[in-house]
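Residue numbers (full-length UniProt numbering): 1 to 1103. Just so it is clear, CB atoms sit at the ideal spot from N, CA and C, and this is done for glycine as well. None of the values given here were measured: they were computed from a predicted structure. Have a look at the structure below, then the notes.
See below:
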């Protein structure tokens, strides 16, 4: 179909569902229109074109400009600029690239001209035009199978952006005796990797020049060297890879009795331990040592070394499971020598066990007040070895008085040993080798993830659940001990690297962009640069750049050869060939003569076109003969020709011609590409002539230099001849450019939730198990990708419903605070008493009084049983509710349990007892059960979405780490007030912290809640009780194990990270019966679900 009625078909686009047609009403082509032939041979057409445009301003006549027989002309770019000038709206271009096309006349091409299109390009007998299409680039997934690849975050601070990326070792020649190419089989993660990847540790905290490298993850590996021998070793960075370039001086041959998996657990942990304890700490036989995080890799290695030396070891762990592990692994460790790493109680342990003396050496990885407590554990003449980097990078104060005890403080940075061949490095190598022979060095426990589980491995280690090492398995180990490895490929994001043996020519390389591009080329492997400039080096900055490159071993030649002439272009490439075969030519040359067309001249067009058009043509011809191994031929074009910009017709012409040259090269199989850049920020012409990074040029904003270089990487990996990169000035509503992940999905991924659609809208991030590392990652993600700046408190209070609103543009950061975001784990009822007056109340139920054994319901954190009334009404037995009155003892859960037992026995003096605890009430019910069992009674327990550690889990994760009592009280009271009134949580917490006493803070909260249905004294009592219950639950440890039957009813939508049975198996002797019911923490107590719970109760009563 070419017509529809009196409409002409312009374009037809077909999708999988529809066909789109663009139709236009044809015009009558004027026979007296102005026709001008554009040629690249001369610029005599400039004046006639100026006259025609001036005339068109008044008579509105058509101007047809055409090119025929010259395929390398920049007609398209020039017309794009002219159409935006006075008189230019009537210009129509005809670009005849088809050699068989008839000679241009209006009559011969009337059928095309009547469509009245601005651009008409005839190529291969088909009419068309040039249009921008979005490039299908690879920001977030690998698209190339490569042998050499490494793991890195695309965005620092975002674990979801961890990807395999093509590595630089494809050009490795193997001729450097100081390096050894090794194939990685197992790549361990270290806590440094976690801190760097999550953004907790800044790169500049690392020694040497690591901060300037693109990837600084990975410290160690096990695998095979180039001869096939099994080795393990350490590198400064990039060991999370398929191959690694290692220092032979930091490689150990793997003992025959070990697998490569076992060997991977050795290098860093034992290297760090020997370096810290022996080399720096001077640990001697018979001395004493305090090691923190004893189940970690360095912890276990240090304990093994110290015990082998006959030293007394003290250590700390964070859980009973880890304590048991250490005692099993190191039978020499005494139980009284193992402390808690979660608080400072270890200080008392050390001083008690050493009779107040302290220890000779401390190996510390803890921070803040725990670091200070560790320092106080030093004996006179003690040595403190700090392997944690947080306090060091934060410049935290230490206090000078500790040195009065003749102590020393050592910052242990194993990274520093990579810089040079120091005696310390050789000593560490020898100590590890001797340790292997003596048996002091032995493999550690490990958790192994495969090459596709990178993010999961990082998140697992960040959670702190691991014991020993976390490994990434890159490939399977062969059975033979010595064997050259087969090539292993992974799906990676392609990355551009330069051949160090080739030279790279940058025409205009001493300009702003040229110097940045040259530096980028050196970071990608280039070792030979040729920079051209008409006037040579003129500024101190140019001289500084060149001097720095030469200091790095890069050969730099500055040439004044004129690439716009045949002789000059040949001389330039001959000079480059003396350094090495030419691998790339980049034409960045530019001269501007901006003016409206009426003020332009032939000379202006010649001046602008010479460096771009003539230079590209001469380099094209010369390179075909003198650069047979050319990989890149890149012309820097401009958005001025792609989109048009008034006043730059000559510049548009020149850039458009460069694009045609690139297309012509590609057509014959040669490398060729033209890049249409928008305005360039930070350096160059825009900054020098038009202002700053906010200057708008041609509808674009300046693109920052780092973004330009990242874009170059993408462009050099794709096949198109003409590409464009620009930052549109029009502000778009929504998420950041290129961001295709919804706000809820991004946050859910960080929290480890596979399907965000399964999360209830009322679920807060605190409910979903957000810890401090996750909080930091979420905060950076919100700021970076969604322009949302929220405090840590506000992030904890965010609900998924609010995230959906923010992600759709329906909310703002300010509204997050105002919304209050009530927590479904705490819900006071405005229509009932806030502070109960009775401890034991009889609740309406289906059972008649004294007819059957009663059931006792234990209240949630609010202290009242109102929320359990619906359940009680469905139970066929007498039901009694236990409530927390003002006189209830809240020193501990044990005291509260004893108090409730007194009330229970008033109704039922003898067992068996049936107890149902909901949420907070679950831990109280559990303790009641233990105490009743100790008294010889039988007890059945039903726990509704709770356990002994349920509240402690929430207080540990849903609130910030508490540094002092004032902060603790302020946070709890603010949280309490938020349940009744919409408040600015962060502001109120800050105000409460500023007050001096509990009474002042309590009065402030009571005043804020004036206007609610409750009396001030009730609010004060309820807030005090709320704080007391939270503190009691937070420190609660069961007084024993429960012997009877325990049934746990879980809410399917309660995303707590406590394990399948909420930790009950650790405190129950019998197997816990688990029932999962549809709903969240609150909704399981309503509707059909509550009837199912009642059925479970009835089964318990009959059992």
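Check your understanding: Among 883, 613 and 305, which residue has its Cα nearest to the Cα of residue 437?
Key -> If we check each option's Cα against that of residue 437, 305 comes out closest.
Review point. Cα-Cα, which of 366, 313, 452 and 368 is closest to residue 474?
Key: 452
Exercise for review: Taking 8 Å as the threshold, find out whether the stretch 612-628 comes into contact with the stretch 535-545 through three or more Cβ pairs.
Suggested key: The answer is no - the stretch 535-545 does not touch the stretch 612-628, with fewer than three Cβ pairs under 8 Å.
Check your understanding: Of all the beta strand (DSSP E) runs that stay within the bounds of the stretch 867-905, which reach a length of 3 or more residues?
Key -> 879-882
Exercise for review: Could you please give me the residues that DSSP links to residue 19 through a beta bridge?
Suggested key: 14
Review point. What's the gap between the Cα of residue 858 and the Cα of residue 888?
Key: 14 Å
Practice item. Using DSSP bridges, identify the partner residues of residue 677. Key: 638 and 725
Check your understanding: Can the beta-carbon of residue 587 be found less than 7 Å from the beta-carbon of residue 559?
Key -> no
Check your understanding: What separation, rounded to the nearest whole angstrom, lies between the Cα atoms of residue 702 and residue 520?
Key -> Distance between the alpha carbons of residue 702 and residue 520 is about 19 Å.
Check your understanding: Can you tell me the Cα-Cα spacing of residue 210 and residue 236, whole angstroms?
Key -> Computed Cα separation, rounded: 8 Å.
Review point. Would the beta-carbon of residue 101 fall within 7 Å of that of residue 122?
Key: yes
Exercise for review: Identify every run of the beta strand (DSSP E) within the stretch 193-217, keeping only runs that are complete inside it and at least 3 residues long; order them along the chain.
Suggested key: Listed in chain order, there is nothing to give.
Exercise for review: With a cut-off of 8 Å on the beta carbons, I'd call residue 656 and residue 74 a contact; round off their distance for me.
Suggested key: 3 Å
Review point. In or out: residue 988 buried (at least 16 other Cβ within 10 Å) or exposed?
Key: buried
Practice item. Pull up the distance between the alpha-carbon of residue 276 and that of residue 897, whole angstroms please. Key: 49 Å
Practice item. Would you mind sorting residue 1104 into buried or exposed? The rule is 16 or more other CB atoms within 10 Å of its CB. Key: Only positions 1 to 1103 of the chain appear in this structure, which leaves residue 1104 out of reach.
Exercise for review: Locate the beta strand (DSSP E) running through residue 78, then write down its first and last residues.
Suggested key: It is not in any beta strand (DSSP E) - residue 78 instead sits in the alpha helix (DSSP H) that spans 75-82.
Review point. Residue 847 to residue 1028, Cα distance in whole Å?
Key: 34 Å
Exercise for review: Below 8 Å on the Cβ atoms is my guess for residue 264 versus residue 234; work out the distance and round it to an integer in Å.
Suggested key: Rounded, the Cβ-Cβ distance is 11 Å, inconsistent with contact.
Point to revise | Nearest-angstrom beta carbon gap, residue 268 and residue 414 [assumed within contact, 8 Å] | key: The beta-carbon separation of residue 414 and residue 268, rounded to 7 Å, stays under the 8 Å limit for a contact.
Point to revise | Length of the line joining the Cα atoms of residue 1092 and residue 1077 | key: 8 Å
Review point. Would DSSP call residue 1171 helix, strand or coil?
Key: Because residue 1171 is not part of the residues shown, which for the chain are 1 to 1103, the question remains open.
Review point. With 16 as the cutoff for other CB atoms within 10 Å, does residue 902 come out buried or exposed?
Key: exposed
**Study point:** Contact set for residue 427: own chain, Cβ-Cβ below 6 Å, skip 5 residues either direction
**Key:** 279
Practice item. Rank 114, 389 and 381 by C-alpha distance to the C-alpha of residue 371 and give the top, closest one. Key: 389
Check your understanding: Touch check for the stretch 517-532 and the stretch 706-726: three-plus C-beta pairs under 8 Å?
Key -> At 8 Å Cβ cutoff, the stretches touch.
**Study point:** residue 340 versus residue 942 - alpha carbon distance
**Key:** 32 Å
Review point. Between which two residues does the beta strand (DSSP E) carrying residue 188 extend?
Key: 180-189
Check your understanding: Taking just the CA atoms, how far does residue 167 sit from residue 493?
Key -> 10 Å
Check your understanding: Which residue from 534, 529 and 61 puts its Cα closest to that of residue 575?
Key -> 529
**Study point:** Whether residue 85 touches residue 597 by CB criterion (7 Å)
**Key:** yes
Practice item. Run through the stretch 924-949 for me and flag every whole beta strand (DSSP E) of 3 or more residues, listed as ranges in chain order. Key: For the stretch 924-949, whole beta strand (DSSP E) runs of length 3 or above, ordered along the chain, are 939-944.
**Study point:** Classification of residue 947 by the beta-carbon crowding that lies within 10 angstroms, buried from 16 upward
**Key:** buried
Review point. From what residue to what residue does the alpha helix (DSSP H) around residue 87 run?
Key: Note, residue 87: premise wrong, no alpha helix (DSSP H); not H, not E.
Check your understanding: To the nearest angstrom, how far is it from the Cα of residue 536 to the Cα of residue 601?
Key -> For residue 536 and residue 601, the distance between alpha carbons rounds to 29 Å.
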